[in-house]
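Q:
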Amino acid sequence: MEYQLRGYQAQAAGEIVSGIEVGAGLASKGKSSAVSLAAPTGAGKTIIAAAAIEDLIFGDTVIPGEEPVILWVSLYPKLNEQTRDKFERASEKLRPRLHIIDSSKQYDVETLTPGRVYFLNTQKLGSSATNYTSKDGRTFTLWETLSNTVDRFGSRVVMFVDEAHQGTGGGSSASGDTILGQLTRGGGKMSNPVPIVVGVSATPERFEKNIAAHRAYREAVDVEVAAVRESGLVKDQLVLAHPTEEIASDSTLVREAAIQRARQEQRWASWADQNPGDALVEPVLLVQLTAKPNETIVAGFIQDILQADSTLTIDNFANALEGGSAVTFGSHDVRYVDPPRIQETGGVKVVLFKDALTTGWDCPRAEVLVSLRGTSDDVTITQLVGRIVRTPLAKRVAGDDNLNAVWTYLPHFDQESVERVAMRLRTGDTEVATPVVVNPVPVTRNAAVPDAVWTAFRDFPSWSRPSRTARPATSRVLTAAMVLAKTGILQDAPRIAQDRAVDTLLQHIKANQQFVDDKVTAYEEVDYQTLAIDWLTGEQTGTQAESAKIATRNVADLFNIAARRLPDNSAKWLWDRLYMAQPEGDRDGDAARLIVAAVAQQPDTVKAVEDASQTLLDQWRKQHAAALSQIGGTAETDFYAAFAESKRSVEIPVEAPSDTVVKDAEHRWPRHLLADTDGQFPHDGNTWERAVLETETKRHTTLAWYRNPSSGTQSIAIAYGPLGEQRLLHPDFLVFTKRDCEVLIDIIDPHDPSRSDTIPKWGALAEYTKQNATRLGRVLAIIDEKKGSDVLVQLNLASPTAQDAMISLAKTGGTEADVRALFDQHGGRYQ
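Residues 34 to 864, numbered by this note's numbering, are exactly what the sequence shown covers, in order.
Written out as structure tokens, the structure reads:
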């Protein structure tokens, strides 16, 4: 793969392949199977599928000559073109094997060819598609080609159904007389059904009900929303804006959308100046017109946009309307740009469209949308919003939270209809991983908060979220090395990382010399046996054991197996070192390859390399944290990304909160790190949280406070649980106080004592407090005095006695009664 897969993407691809392999075994017995990939919009479903297909065709378990036939089916030709383009960018191996089926002679064949990926849209199998379904001018109809392919290759035929929630709807839409029905159930023009079907969708319930339910084996591959959020591939916030009073507001909100796009452009320019290593993002404003747009009205909207943003000219406009050509609105000629080309077409900053962008379209630089549709089009708008949540740089950016958000303006929607859109975005077929905020409140850095508070916050230690699927440490240390080299902190970091891996492998060879020598000797000669058989009787008349020197091609096969087994490129690095260590003029590349192949088979080799790389990574984190903090921005973010795909939590710096938008609330509070124009922060919370804020904001010692988010890089997180199963505690509140000329941080965490995670969380909080005692003031665990009581009680985990008692309880385990007993013995009333 050309892309470095995120951990969840690699895991999902592996699970798809495993499900297909099980299905292939069942198919050989005449049983069909289905695998469904469920992932929220923005997760990279196409990349996951490409990785799975690459493995199916080129993986270790593929027997030469028995590659699968891959059929990729979608509703629309444009979707197939876009998917093909994504596959080409994602996999160099797949590139020459991708074929969009058309009416040319190339696809008028008895069967499709194994080892290739064929893209097909269902219209080509409809009765009106005579170029494909009629014998006139064809040797085989497309239906005959597909049926013959299944009959001949059976368990080696795999069909992916793109956006599987479409075309598999309820009722009779997936019955045997439909196109997908015939492909998946047989009958009609298919003598046998496609044996293995993979559904690719945001939510595959209908696929599972109408296709998977009729198959002998079903495998569900689910991608967690949290994993997608943490990957940085989708925006942190999706802002929905609508009028709150019943007056005409379309021109007003069109102007606001144009102004917001201009603000984003300025923010991206400022960010690019501070982070010259990343591409400059040119944000796009999407304007969704009505189904039958009036030329004069659209011309007025164009004029509104030009007046709102004087940097724009009509040359910055494009249309993606169904006519496929330039369109004139009043005095404005607006060129046409094909939807898949909008992302890459420089200078396009405003796009007019109707429905062409709602399905399967990607343009990560589209950050602002205004829809002129009415409330009856809430489904279409929801689908469209799901297309604009991807981050332009495929990562979260630090320093300005507005760059991690997208804006949608809905001038013809009221509160009820907007909430309906928001609900669709949170659940169902159009679920996105990005949190939705309706009519938010802008908040910026609170000018009333002293600089010393911000310094204390930035210096405060947090912990990374462990990943369910880890990227090898040998790969992650190279990511960190590139950052250190690029910033000039450690120019030789990439070489040091590679040398650490190779030196470890050489030491491992020396420690396991006998094993390696025995393996090399076994590899150098291939043993085989010859049998003598009487031609007339068929009787065996003799046998003879023989051997031959291994062929260079088979040496390469062994080396390739080692390269897949050893992490990252360490097999090649080791080969380079072994080869160059041989006397010049007498170097033997195959001899070096056999040593690499041999050491790769030693059971502890991979662990040895990984441990060494992780140790180096941890050393760099401790040595260069201060230098990275001074540089900040992308460099710091990219460096610590190397720790995000580890199965263990590690200490990392927290990112200071920046200008953003938040949900409006009935209650507003002073002294928060971020505030609105009145110096207040909107937050309702539950009754316990409000009681804490009423108390803390009135204290004369309180300099500031922070509502700690439940996830993200701007949250203080504390790891708890055993290694490999670690989770994160995000305490509710940080309160900054001044004591003896020093800013200390109080942690306050109201939590239900009846919950099963209470004891392990507070045990970890007690350990954290012990390790960071000099930075902390009070560390208060808070519960109700009695079940259902309005009176709150506290346990100060900064007290050594309470601290040790909670740590002890976390080790032995306990119940709610044990927690309350601890509060009775060591706590007191919160006031």
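Glycine included, every Cβ here is placed at the ideal spot set by N, Cα and C.
On a predicted model such as this, the values are computed, not experimentally measured, just so you know.
Using the rule of at least 16 other Cβ atoms within 10 Å of the residue's Cβ for burial, across every protein chain shown, is Asp619 buried or exposed?
A: Sequence index remark: in the sequence shown, residue 619 carries index 586 (1-based). That one is exposed.
Q: Which of the three DSSP states is assigned to Arg429 in this structure?
A: Indexing the sequence shown from 1 puts residue 429 at position 396. In this structure, Arg429 counts as coil in the three-state DSSP scheme.
Q: Taking buried to mean at least 16 other C-beta atoms within 10 Å of its own C-beta, is Asp184 buried or exposed?
A: Along the sequence shown, one-based indexing puts residue 184 at 151. Exposed, since its Cβ has fewer than 16 Cβ neighbours within 10 Å.
Q: Between Leu761 and Trp496, how many whole angstroms is the CB-CB distance? I'm expecting something under 8 Å.
A: Residue mapping note: residue 761 aligns to position 728 of the sequence shown, counting from 1. Residue mapping note: residue 496 aligns to position 463 of the sequence shown, counting from 1. Confirmed, about 7 Å.
Q: Compare the C-alpha of Gln827 against each of Lys820, Asp711, Ile815 and name the closest.
A: What you label residue 827 is simply residue 794 of the sequence shown in a count that begins at 1. Selected option, being the one with the closest Cα: Ile815.
Q: Could you name each continuous beta strand (DSSP E) segment of 3 residues or more that falls completely within the stretch 151-181, going from the start of the chain to the end?
A: none
Q: Which class does Gly310 belong to by DSSP, given the choice of helix, strand or coil?
A: In the sequence shown, the residue the question calls residue 310 occupies position 277. Correct three-state label for Gly310: coil.
Q: Kindly indicate which residue of Ala513, Ile542, Leu539 has the alpha-carbon position closest to the one of Arg865.
A: Here the chain comprises residues numbered 34 to 864, so residue 865 is not present and cannot be evaluated.
Q: With distances taken from CA atoms, which of Leu339, Glu775, Arg457, Thr488 is nearest Val687?
A: Taking the sequence shown and counting its residues from 1, the one referred to as residue 687 is at position 654. Answer by Cα proximity: Thr488.
Q: Tell me the residue span of the beta strand (DSSP E) that contains Thr477.
A: Taking the sequence shown and counting its residues from 1, the one referred to as residue 477 is at position 444. 474-478 is the span of the beta strand (DSSP E), which, as asked, contains Thr477.
Q: Under three-state DSSP, which class holds Ala752?
A: Within the sequence shown, residue 752 is the residue found at index 719, counting from 1. The answer is strand: DSSP assigns Ala752 an E or B state.
Q: Which runs of the beta strand (DSSP E), 3 residues or longer, sit entirely within the stretch 348-374?
A: Counting only runs of 3 or more, we get 350-352, 360-362, 365-367.
Q: Output the boundary residues of the beta strand (DSSP E) element that contains Gln321.
A: As a working mapping, residue 321 is identified with position 288 in the sequence shown. Residue range 317-321 is occupied by the beta strand (DSSP E) that includes Gln321.
Q: Quick one: what's Tyr442 bridged to in DSSP?
A: In the sequence shown, residue 442 corresponds to position 409, counting from 1. Bridge partners of Tyr442: Ala274, Val403.
Q: In angstroms with no decimal places, state the Cα-to-Cα distance between Gly333 and Gly407.
A: If you number the sequence shown from 1, residue 333 lands on position 300. If you number the sequence shown from 1, residue 407 lands on position 374. Whole-angstrom Cα-Cα distance: 19 Å.
Q: From Val465, Val469, Trp440, pick the residue whose C-alpha is nearest to that of Glu452; which is it?
A: Position 419 of the sequence shown, counted from the start, is the residue given in the question as residue 452. Looking at the Cα atoms, Val469 is the closest of the given residues.
Q: At what residue ranges does the stretch 657-729 contain a whole run of the beta strand (DSSP E), taking only runs of 3 or more?
A: As for any beta strand (DSSP E) of minimum length 3 sitting wholly inside the stretch 657-729, the runs are 684-686, 693-695, 701-703, 713-715, ordered along the chain.
Q: For Arg740, report the span of its beta strand (DSSP E) as first-last.
A: For the purposes of this step, residue 740 is taken as residue 707 along the sequence shown, with counting starting at 1. That run of the beta strand (DSSP E) goes 735-740.
Q: Under the three-state reduction of DSSP, which class applies to Trp14: helix, strand or coil?
A: Given that the chain is displayed from residue 34 to residue 864, the structure contains no residue 14 and the question cannot be resolved.
Q: Kindly provide the ranges of any beta strand (DSSP E) runs that are 3 or more residues long and lie completely inside the stretch 571-630, ordered along the chain.
A: Entirely contained in the stretch 571-630, the beta strand (DSSP E) runs reaching 3 residues are, in chain order, 573-582.
Q: Cutting at 6 Å between CB atoms, please list the residues of its own chain near Ala480, excluding the five before and the five after it.
A: One-based indexing of the sequence shown puts residue 480 at position 447. Nothing meets the Cβ criterion.
Q: Find the nearest neighbour of Asp717 within the set Ala359, Lys794, His700, judged by alpha-carbon distance.
A: Counting from one through the sequence shown, the residue named residue 717 turns up at place 684. It is His700 whose Cα lies nearest to the Cα of Asp717.
Q: So, Val194 versus Val256, is the Cβ gap smaller than 7 Å?
A: Here residue 194 corresponds to residue number 161 of the sequence shown, with the count starting at 1. Here residue 256 corresponds to residue number 223 of the sequence shown, with the count starting at 1. Contact: no.
Q: Give every residue of the same chain whose Cβ lies closer than 8 Å to the Cβ of Arg862, excluding the five residues on either side of it in the sequence, and list them in chain order.
A: Translated into the one-based positions of the sequence shown, residue 862 becomes position 829. Cβ neighbours of Arg862 beyond the five flanking positions: Glu818, Val824, Leu825, Val826, Gln827.
Q: Quick check on Cys774: buried or exposed, where buried means 16 or more other Cβ atoms within 10 Å of its Cβ?
A: Walking along the sequence shown from the start, residue 774 turns up at place 741. Only exposed fits Cys774, as fewer than 16 other CB atoms lie within 10 angstroms of its CB.
Q: Given a cut-off of 7 Å, decide if Leu402 and Arg300 are closer than it, judged by their beta-carbon atoms.
A: The residue labelled residue 300 in the question sits at position 267 within the sequence shown. The residue labelled residue 402 in the question sits at position 369 within the sequence shown. If you check the CB distance, Arg300 and Leu402 do not come in under 7 Å.
Q: Going by beta carbon distance, what residues of the same chain come within less than 6 Å of Asp210, once the five residues before and after it are set aside?
A: Your numbering for residue 210 matches position 177 in the sequence shown. Caution is warranted here: a pLDDT of 47 is assigned to Asp210, below 50, making its placement in the model unreliable, and the coordinate value is therefore given only provisionally. Correct list: empty, nothing qualifies.
Q: Quick one: what's got a C-beta closer than 6 Å to Gly219's C-beta in the same chain, skipping five residues either side?
A: The residue you call residue 219 lines up with position 186 of the sequence shown. Here the set comprises Asn225, Pro226.
Q: If I'm right that Val683 touches Phe676 with Cβ under 8 Å, what's the distance once you round it to whole angstroms?
A: Within the sequence shown, residue 683 is the residue found at index 650, counting from 1. Within the sequence shown, residue 676 is the residue found at index 643, counting from 1. Yes, Val683 and Phe676 are in contact; Cβ-Cβ is about 5 Å, under 8 Å.
Q: Spell out the partners DSSP gives Arg772 in its beta bridges.
A: To locate residue 772, count along the sequence shown from 1; it is residue 739. For Arg772, which the question treats as bridged, DSSP gives the partners Glu775.
Q: Quick check on this structure: which residue in Tyr36, Ala43, Gly432, Met34 has the alpha carbon closest to the alpha carbon of Arg504?
A: As a working note, residue 504 is residue 471 in the sequence shown. Comparing alpha-carbon positions, the option among Tyr36, Ala43, Gly432, Met34 lying closest to Arg504 turns out to be Ala43.
Q: When the Cα of Val412 is compared with those of Glu758, Leu458, Ile542, which residue comes out closest?
A: Working through the sequence shown from its first residue, we reach residue 412 at position 379. Here the closest residue by C-alpha is Leu458.
Q: Would you list, in sequence order, the uninterrupted alpha helix (DSSP H) runs of no fewer than 4 residues that lie entirely inside the stretch 484-559?
A: 484-491, 506-520, 526-544, 546-557
Q: Are Thr537 and Ala604 closer than 7 Å when you measure CB to CB?
A: Working through the sequence shown from its first residue, we reach residue 537 at position 504. Working through the sequence shown from its first residue, we reach residue 604 at position 571. Cβ atoms of Thr537 and Ala604: not closer than 7 Å.
Q: In three-state terms, what does DSSP make of Thr140?
A: Looking up residue 140 in the sequence shown gives position 107. Reading off the sequence, residue 140 comes out as Tyr, not Thr. Note: Tyr140 maps to helix in three-state DSSP.
Q: How should Ala752 be labelled, buried or exposed, when 16 other C-beta atoms within 10 angstroms of its C-beta is the threshold for buried?
A: Here the question's residue 752 lines up with position 719 in the sequence shown. With 16 or more Cβ atoms within 10 Å of its Cβ, Ala752 is classed as buried.
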